[in-house]
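The block underneath contains the structure these notes are about, expressed in structure tokens.
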Amino acid sequence: MKLKSKTRPVEEEIADVQSTPDLRHLPIDKVGIKEIRHPVVVRDRSQGVQHTIASFNMYVELPHNFKGTHMSRFVEILNSHDMELSVESFRDMLAEMRRRLEANTGHIEMSFPYFINKAAPVSGVKSLMDYQVVFIGEITGNQDVMTIKVVVPVTSLCPCSKEISQYGAHNQRSHVTLTVRTNTFVWVEDLIDLVENQASCQLYGLLKRPDEKYVTEKAYENPKFVEDMVRDVAAKLNADDRIDAYVVESENFESIHNHSAYAMIKKDKTLDS
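Residue numbers -3 to 269, in this note's numbering, belong to the letters of the sequence shown in order.
Below, the structure written as structure tokens:
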């Protein structure tokens, strides 16, 4: 007896459930995939390029009349691009995603560790410091907005503690988060330098004893409240014509409290013109 095959004929059309109508009349603001990792190459001010691994979040808007989006297309788009992702190619990928998913709006976040080989201030010994960087792209119709976010760890020393203590002053590691919209290309290192130069002292991966003496004394001579930090960084951003808009945040992981101190300034400089 000849058994019937359970496989579908090649020519038979497979149902596309995602494209079927939805009757609840509820649009979805963001739908897509999160935390998909992919190797990338980003531009490096000193070395030309830097190889790293990025984590991608990719979303589109879903109209009320569609049941679902095509999740596989996000992965196809990511894998169709070469690994050297710049702001320009990132913008191209954003437009392609909106087009292929037939959506009006799209959103991509590319988060990756960025490494800088830093020399210690006295001994000159070199070591790697890592910074968290995020490229964020949003598109509506044919209008896109690109922003860069970088988290810069620094040292802050409390001015009040220095003023009231007979000796010593408490200090702590702080994270300054800078999110900017630019009107031209800006190196990631430029943003990191801007923040580190406003801190009580910057951080290093490796320090010898002369370096440790230097950074301890430098922080003591340059105390900063969390409010000082965001104001000093914001003043530099206001004077930088490459920056159109920014958000600067500082969080001090207090060494004498079980809580953090926080401050934030945001500004859209294009609204002032």
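We put the CB at the ideal spot given by N, CA and C, even for glycine. Bear in mind that the values here come from a model prediction, so they are computed numbers and not experimental data.
| query | Can you check whether the CB of Q168 is closer than 7 Å to the CB of N254? | reply | For N254 and Q168, no; Cβs fall outside 7 Å.
| field | Residue burial classification, K204 (beta-carbon count within 10 angstroms, cutoff 16) | value | Counting the other Cβ atoms within 10 Å of the Cβ of K204 gives fewer than 16, which makes it exposed.
| request: Buried or exposed for T266, please, with buried defined as at least 16 other CB atoms from any protein chain shown within 10 angstroms of its CB. | output: By the beta-carbon neighbour count (other beta carbons within 10 angstroms, threshold 16), T266 is exposed.
| said: If contacts are defined as beta-carbon pairs under 8 Å, then C154 and H166 qualify, I think. What distance do you get, rounded to the angstrom? | reply: Indeed they touch by this definition, with Cβ atoms about 5 Å apart.
| field | Ordered list of alpha helix (DSSP H) runs contained in the stretch 94 to 158, each at least 4 residues | value | Counting only runs of 4 or more residues that sit fully inside the stretch 94 to 158, no alpha helix (DSSP H) segment turns up.
| message | Let me check understanding here. Comparing Cα to Cα, which of S76, V37, L19 and V56 lies closest to K26? | response | Comparing Cα-Cα distances from K26 to each of S76, V37, L19 and V56, the minimum goes to V56.
| query | When DSSP labels each residue in this structure, what does F221 get in the three-state scheme? | reply | Residue state, collapsed to three classes: coil.
| field | Spatial neighbours of I261 in its chain, beta-carbon cut-off 6 Å, leaving aside the 5 residues before and after | value | Excluding five sequence positions before and after I261, the CB atoms of its chain that fall closer than 6 Å to its own CB belong to V226, A230 and V244, given in chain order.
| request: On the DSSP bridge assignment, give the partners of M54 in chain order. | output: In DSSP, M54 forms a bridge with I29 and I104.
| query | Thinking just about the alpha-carbon of each residue, which of V45, M67 and V184 is nearest to the one in I29? | reply | Of V45, M67 and V184, the residue nearest in Cα terms is M67.
| query | Using CA coordinates, which residue listed in D240, I24, I252 and S107 is at the minimum distance from R33? | reply | Distance check between R33 and each of D240, I24, I252 and S107 places S107 closest, using alpha-carbon atoms only.
| query | Taking the alpha carbon of G137 as the point to measure from, which residue in V176, Y216, C156 and L97 has its own alpha carbon closest? | reply | The option with the nearest alpha carbon to G137 is L97.
| query | By Cβ distance below 6 Å, which residues in the same chain neighbour H47 in space, the five residues on each side in sequence not counted? | reply | Answer for H47: V37, listed in chain order.
| query | Just curious, the alpha helix (DSSP H) that F70 is in, first and last residue? | reply | If you look at F70, you'll find it in the alpha helix (DSSP H) that goes M67 to S76.
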